[in-house]
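*Asks:* Structure provided below as structure tokens; questions to follow.
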Amino acid sequence: MPGQISSKPMNDKFDHEKLDRIVAQAHAERDAREQGYRARALKMYPWICGRCAREFTRENLQELTVHHRDHDHDNNPPDGSNWELLCIYCHDNEHARYADYVKGGEYGHGQQAQDEVTHNPFADLKKLMKNDV
Numbered sequence: 004m005p006g007q008i009s010s011k012p013m014n015d016k017f018d019h020e021k022l023d024r025i026v027a028q029a030h031a032e033r034d035a036r037e038q039g040y041r042a043r044a045l046k047m048y049p050w051i052c053g054r055c056a057r058e059f060t061r062e063n064l065q066e067l068t069v070h071h072r073d074h075d076h077d078n079n080p081p082d083g084s085n086w087e088l089l090c091i092y093c094h095d096n097e098h099a100r101y102a103d104y105v106k107g108g109e110y111g112h113g114q115q116a117q118d119e120v121t122h123n124p125f126a127d128l129k130k131l132m133k134n135d136v
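Mapped onto my numbering, the consecutive letters of the sequence shown carry residue numbers 4 to 136.
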């Protein structure tokens with residue numbers, strides 16, 4: 004019956020513990036996967052941001068990220084052809100630009116918005132100017 008609460012007792016502690024284990028395992032697997040391709044990329048490429056050319060040392064290496072050129076984090080070819088090293092700022096900018104691209108289509112927001120404009124504020128300008136005189 005809709006709206007009726009189940010009569011099964013729910014063990015919140017067990018459900019939360021199970022969920023916590025699943026999330027922790029997913030995070031650990033992601034971190035291990037990232038460490039694998041990150042370590043390989045750092046061995047392959049010079050420690051320089053591919054966009055702004057900022058150079059990195061061991062002291063600030065945590066600010067250098069591995070960017071997947073095709074935005075597919077599971078595409079990690081052994082030759083590193085899908086990776087580029089970007090500083091955290093350029094990496095964030097790249098993902099923001101990609102999100103704009105996905106949202107706005109091939110030409111981004113500007114061209115699409117221009118194509119959709121239907122109102123012309125100057126359509127009756129001549130008429131309005133005649134009435135003003």
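Ideal Cβ positions, reconstructed from N, Cα and C, are used throughout, including at glycine.
In the DSSP output, what is Val-69 paired with across the bridge?
*Replies:* On the sequence shown, position 66 is the one that residue 69 refers to. The partner list for Val-69 (beta bridge, DSSP) reads Leu-88.
*Asks:* Considering only their Cβ atoms, is the gap separating Glu-58 from Ile-91 smaller than 8 Å?
*Replies:* The sequence position of residue 91 within the sequence shown is 88, counting from 1. The sequence position of residue 58 within the sequence shown is 55, counting from 1. Not a contact, by the Cβ cut-off of 8 Å.
*Asks:* Could you compute how far the alpha carbon of Glu-87 sits from the alpha carbon of Arg-61?
*Replies:* By one-based count along the sequence shown, residue 87 stands at place 84. By one-based count along the sequence shown, residue 61 stands at place 58. When rounded, the distance between both Cα atoms is 18 Å.
*Asks:* Roughly how many whole angstroms lie between the Cα atoms of Glu-32 and Phe-125?
*Replies:* Translated into positions along the sequence shown, residue 32 becomes position 29. Translated into positions along the sequence shown, residue 125 becomes position 122. Computed Cα separation, rounded: 59 Å.
*Asks:* Cα-Cα, which of Asp-73, Lys-130, Tyr-101 and Cys-52 is closest to Cys-93?
*Replies:* Against the sequence shown, residue 93 aligns to sequence position 90. Taking only the C-alpha atoms, the option nearest Cys-93 is Cys-52.
*Asks:* Can the beta-carbon of Glu-97 be found less than 8 Å from the beta-carbon of His-71?
*Replies:* On the sequence shown, position 94 is the one that residue 97 refers to. On the sequence shown, position 68 is the one that residue 71 refers to. No, the Cβ-Cβ distance between Glu-97 and His-71 is not below 8 Å.
*Asks:* How big is the Cα-Cα spacing for Gly-83 and Val-105?
*Replies:* Taking the sequence shown and counting its residues from 1, one reaches residue 83 at position 80. Taking the sequence shown and counting its residues from 1, one reaches residue 105 at position 102. Taking the straight line joining both Cα atoms gives about 25 Å.
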